[in-house]
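Protein chains in written order, with our numbering: chain H, 156 to 518; chain G, 156 to 518.
Glycine included, each C-beta is placed from N, C-alpha and C at the ideal position.
Structure record follows, encoded as structure tokens.
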DNA sequence: TTGTACGCGTTATCAT
DNA sequence: ATGATAACGCGTACAA
């Protein structure tokens, strides 16, 4: 019962009890009337600003509570210019890496009161252009999170032209803040493990070559593999470098290609666990023992890797999402930074049962 | 070069070339001035409404193009009351079922010009209450998609009080539109397959019992298993009914529990493929042959199931997302329907190598 | 500490 | 077919 008196409350009551019984949501004016103050004071009170006496604030809050008042996000956005919404651009929602980055970013951003608006751009050029050309982003978001999307130059231009803070994950581009892992080092780590076990013939199953150059992930990991090979004094045969599509099915195909040769490699390094799992399956199909006949190592530490007993190099995906969210929060709240920030998170080797020394007669 | 003349264009140009060179986005007024018409006409023209002469429309569109004008979503929302945003409430982002439902819903809703705002409520009560209590949804969304979240009564109340169209997936609640599969029939299908192979001792690995009653999925599937058992003239031992948590790890634990008994079942039916994969792993750990010593069947048709050679009952997850999206679009555009709609999508048995007849000496 | 009043950019109503 | 103009609900100088 606020001091405003029952009469005021009655007049200010938002849910009009008219004949139509149409539910109306109460506005700042209703609260102001009920609390006997101005709308400006209500605005200050509900947002927890200074310059409001404790008594007044209590009265306003009580009235707001009584009227179940909620600030209208759209009205607030219109006048403030901020939406408290972060747009997130992903090529897939249902793949491990993207789902988990999203999960981490959502977690952190929600902690800071931001919402996530989803832009699943897919891989089809048609869908892609629809999403980014039509100006669907303009005015909807305060910031952007771009996850490993292989953007075309004009799409980069569209995103840049929004003039909002932008952070990428797994996509290192000049001018944009970035959270990543050291892909070169990661590939090197995996290859060094195989070489350390005594393997001399290592095949590499990478990502698809048709994608834009920006998706350098698979290329960088191969760079690391080459580095380890050089250090180990072994050469990578060109025929042992395969392109795939990051999926289990692609891994199966690549694995079969390799294993059906008269002289197959003794070890396979896949750029993702999903492809590595496919290779494991191919080995089974071809009647090969793992790791006796073939060692297999992946990159990611997908949750299925444990049950597949797959050796892998783990990357902190959830944390990359959180880190990206934090960079965005900083950019939205703090002063503008002159230098771009690049945060590189560590990866680590996880040895399981899919790797072992090669058969002596093969060495 | 619109007939408005270069003078008008110059005055109306939005990107002020002042000293600060601050990028300003052009408004409907700028376009109106440039095209020599009123803002009302611009509004009609850009939205493709009637009552605009072709010449005028062309002139307006040219001006808009020249000024790279985009309608302000927030301003439009404020006056129209619609946001063209659909809120989606999920307990997880990184699990197969949820990620794929989301993918399907996003696809269809984007086709219709709607955006998705993400609400990952998780399972922790604390997070949950923060997300749904604070009125974060109010005024932000035109409709809601709720995916298999085990909501508490007060959360149901919060969602209902928004008075927007609401569709659930995998969560059949009175009063809310729903897209689902027939869980009873699905469980029955899986069990009937095992019984048809000759199994008489079937264990069931279901979902967690601690969750709210609304998450009836695991219970319904068990109901179907019971029905098939009755039809097949066999009884389910109470000790063979296990609770798990829908994950691979949970499936491993359940599988080990079963297989370490002196008298294990000859077949296991898991309520999800992820748990079934865990059971497969447990069988390997315990040195059992699949399907020789143990048959395993799951439900879902997870993409990993193929490479695990797992027999399963497939459910159309992507399509459930699309169907839910369509129901929402209908509800937002069409006239209000008096009856609630329940759409039940079909499931089908996918026989792979993880199931076979039991060993004769065990029968 | 509190109130007044303007403006955010658009849609919609009512004239014309 | 087109144009004024009143909302939409709120933040924020500025005044008191």
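(request) Please work out which residues of its chain come closer than 6 Å, Cβ to Cβ, to residue 422 (chain H), disregarding the five sequence neighbours upstream and downstream, and give them in chain order. (result) The residues 349, 354, 357, 450, in chain order, have a CB closer than 6 Å to that of residue 422 (chain H) in the same chain once the five nearest residues on each side in sequence are set aside.
(message) Quick check on this structure: which residue in G:447, G:311, G:466, G:214 has the alpha carbon closest to the alpha carbon of residue 186 (chain G)?
(response) Of the candidates G:447, G:311, G:466, G:214, the one whose C-alpha sits nearest the C-alpha of residue 186 (chain G) is G:214.
(request) Alpha carbon to alpha carbon, how far is residue 262 (chain H) from residue 369 (chain H)? Give it in angstroms, no decimals. (result) A caution first: residue 369 (chain H) carries a pLDDT of 44, below 50, which makes its placement in the model unreliable, though a value can still be read off. The alpha-carbon of residue 369 (chain H) is positioned some 27 Å away from that of residue 262 (chain H).
(message) In the DSSP assignment, the beta strand (DSSP E) including residue 455 (chain H) goes from what residue to what residue?
(response) Segment 450 to 455, the beta strand (DSSP E) holding residue 455 (chain H).
(request) Would you mind working out which of H:443, H:425, H:483, H:478 sits nearest residue 466 (chain H), comparing C-alpha positions? (result) By alpha-carbon distance to residue 466 (chain H), the top candidate from H:443, H:425, H:483, H:478 is H:425.
(message) Is the beta carbon of residue 314 (chain H) closer than 8 Å to that of residue 301 (chain H)?
(response) Against a cut-off of 8 Å, the Cβ pair of residue 314 (chain H) and residue 301 (chain H) comes out as a contact.
(request) Specify whether the stretch 262 to 274 of chain G and the stretch 433 to 451 of chain G touch according to this definition: at least 3 beta carbon pairs, one from each stretch, less than 8 Å apart. (result) Using a Cβ-Cβ distance cut-off of 8 Å, the stretch 262 to 274 of chain G and the stretch 433 to 451 of chain G are not in contact, since fewer than three pairs of beta carbons, one from each stretch, lie closer than that value.
(request) Would you identify the three-state DSSP class for residue 354 (chain H), choosing helix, strand or coil? (result) In this structure, residue 354 (chain H) counts as coil in the three-state DSSP scheme.
(request) Assign residue 136 (chain G) to one of two classes, buried (16 or more other C-beta atoms within 10 Å of its C-beta) or exposed (fewer than that). (result) The structure shown does not extend to residue 136 (chain G), since chain G spans only 156 to 518, so no value can be given for it.
(request) Please work out which residues of its chain come closer than 7 Å, Cβ to Cβ, to residue 211 (chain G), disregarding the five sequence neighbours upstream and downstream, and give them in chain order. (result) If you ignore the 5 residues before and after residue 211 (chain G), its C-beta comes within less than 7 Å of the C-beta of 192, 196, 200, all in its own chain and listed in chain order.
(request) Within its chain, find whatever has a CB closer than 7 Å to the CB of residue 512 (chain G); leave out the 5 residues flanking it on each side and keep chain order. (result) Once the five neighbours on either side are set aside, the close Cβ partners of residue 512 (chain G) are 352, 353.
(request) Would you check if there are 3 or more beta carbon pairs closer than 8 Å linking the stretch 428 to 448 of chain G to the stretch 384 to 394 of chain G? (result) Counting Cβ pairs under 8 Å, fewer than three are found: no touch.
(request) Give the straight-line distance between the Cα atoms of residue 323 (chain G) and residue 514 (chain G), rounded to the nearest whole angstrom. (result) Their backbone Cα atoms lie some 43 Å apart in a straight line.
(message) Taking 8 Å as the cut-off, does the stretch 466 to 475 of chain G touch the stretch 435 to 444 of chain G (at least 3 CB pairs, one atom from each stretch)?
(response) The stretch 435 to 444 of chain G is not in contact with the stretch 466 to 475 of chain G.
(message) With a threshold of 8 Å between beta-carbons, can residue 273 (chain H) be considered close to chain G, or not?
(response) It does; some Cβ of chain G falls within 8 Å.
(request) Taking C-beta pairs closer than 8 Å, name the residues in chain G that residue 459 (chain H) reaches, listed in chain order. (result) Correct list: 403, 432, 459.
(request) Go through its chain and collect everything with a Cβ distance to residue 420 (chain H)'s Cβ below 7 Å, but skip five positions before and after it. (result) So the qualifying residues of the chain are 356, 357, 358, 395, 413.
(message) What are the residues in the stretch 240 to 258 of chain H lying within 7 Å of chain G by C-beta distance?
(response) Of all residues in the stretch 240 to 258 of chain H, 248, 249, 254, 255, 257, 258 have a Cβ within less than 7 Å of some Cβ in chain G.
(message) Please identify, using Cβ separations under 8 Å, the residues of the stretch 500 to 515 of chain G that lie next to chain H, in order along the chain.
(response) Cβ contacts with chain H: none found.
(message) Just to make sure I have the definition right: I need the residues of chain G whose C-beta is within less than 9 Å of the C-beta of residue 295 (chain H). Which are they?
(response) Against chain G, the beta carbon of residue 295 (chain H) has neighbours under 9 Å at 228, 229, 240, 270, listed in chain order.
(request) Taking 8 Å as the cut-off, decide whether the C-beta atoms of residue 204 (chain H) and residue 243 (chain H) are in contact. (result) Residue 204 (chain H) is not a Cβ neighbour of residue 243 (chain H), given a cutoff of 8 Å.
(request) Can you have a look at residue 268 (chain H) and say buried or exposed, based on whether 16 or more other CB atoms are within 10 angstroms of its CB? (result) Flag for residue 268 (chain H) reads exposed.
(request) Taking residue 260 (chain G) and residue 479 (chain G) to be in contact with their CB atoms under 8 Å, please state how far apart those CB atoms are, rounded to whole angstroms. (result) Residue 260 (chain G) to residue 479 (chain G), Cβ: 6 Å. Contact.
(message) Between which two residues does the beta strand (DSSP E) holding residue 335 (chain H) run?
(response) Residues 332 to 336.
(request) Using a Cβ cut-off of 9 Å, pull out every chain H residue sitting near residue 233 (chain G), in sequence order please. (result) By Cβ distance, chain H contributes 227, 229, 230, 232, 233.
(request) List the DSSP bridge partners of residue 498 (chain G). (result) According to DSSP, residue 498 (chain G) bridges with G:334.
(message) Could you compute how far the alpha carbon of residue 372 (chain H) sits from the alpha carbon of residue 317 (chain H)?
(response) When rounded, the distance between both Cα atoms is 26 Å.
(request) Could you tell me if residue 492 (chain G) is buried or exposed, where buried requires 16 or more neighbouring beta carbons within 10 angstroms of its beta carbon? (result) With fewer than 16 other Cβ atoms within 10 Å, it is exposed.
(message) Tell me which residue opens and which closes the beta strand (DSSP E) that residue 242 (chain G) is part of.
(response) Here the beta strand (DSSP E) through residue 242 (chain G) covers 240 to 245.
(request) Could you tell me whether the Cβ atoms of residue 434 (chain H) and residue 410 (chain H) are closer together than 8 Å? (result) Contact: yes.
(message) Please classify residue 297 (chain H) as buried or exposed, where buried requires at least 16 other C-beta atoms within 10 Å of its C-beta.
(response) With 16 or more Cβ atoms within 10 Å of its Cβ, residue 297 (chain H) is classed as buried.
(message) Give me the chain G residues within the contact set of residue 493 (chain H), using Cβ-Cβ distance strictly less than 9 Å, ordered along the chain.
(response) Contact note: residue 493 (chain H) does not reach chain G at a C-beta cutoff of 9 Å; the least C-beta distance is about 17 Å.
(request) Would you tell me roughly how many angstroms separate the C-alpha atoms of residue 388 (chain G) and residue 250 (chain H), rounded to the nearest one? (result) Looking at the two C-alpha atoms, the distance is approximately 42 Å.
(request) Quick one: measure Cβ to Cβ for residue 476 (chain H) and residue 216 (chain H), integer angstroms, because I've assumed they're closer than 8 Å. (result) That pair is no contact at about 35 Å.
(message) Within a Cβ cutoff of 7 Å, which residues of the same chain sit near residue 176 (chain H), ignoring the five residues on either side of it in sequence?
(response) Bear in mind that a pLDDT of 37 at residue 176 (chain H), under 50, signals an unreliable position, so the model cannot answer this.
(request) Identify whether residue 237 (chain H) lies in helix, strand or coil by the three-state DSSP scheme. (result) Residue 237 (chain H) falls in the coil class under three-state DSSP.
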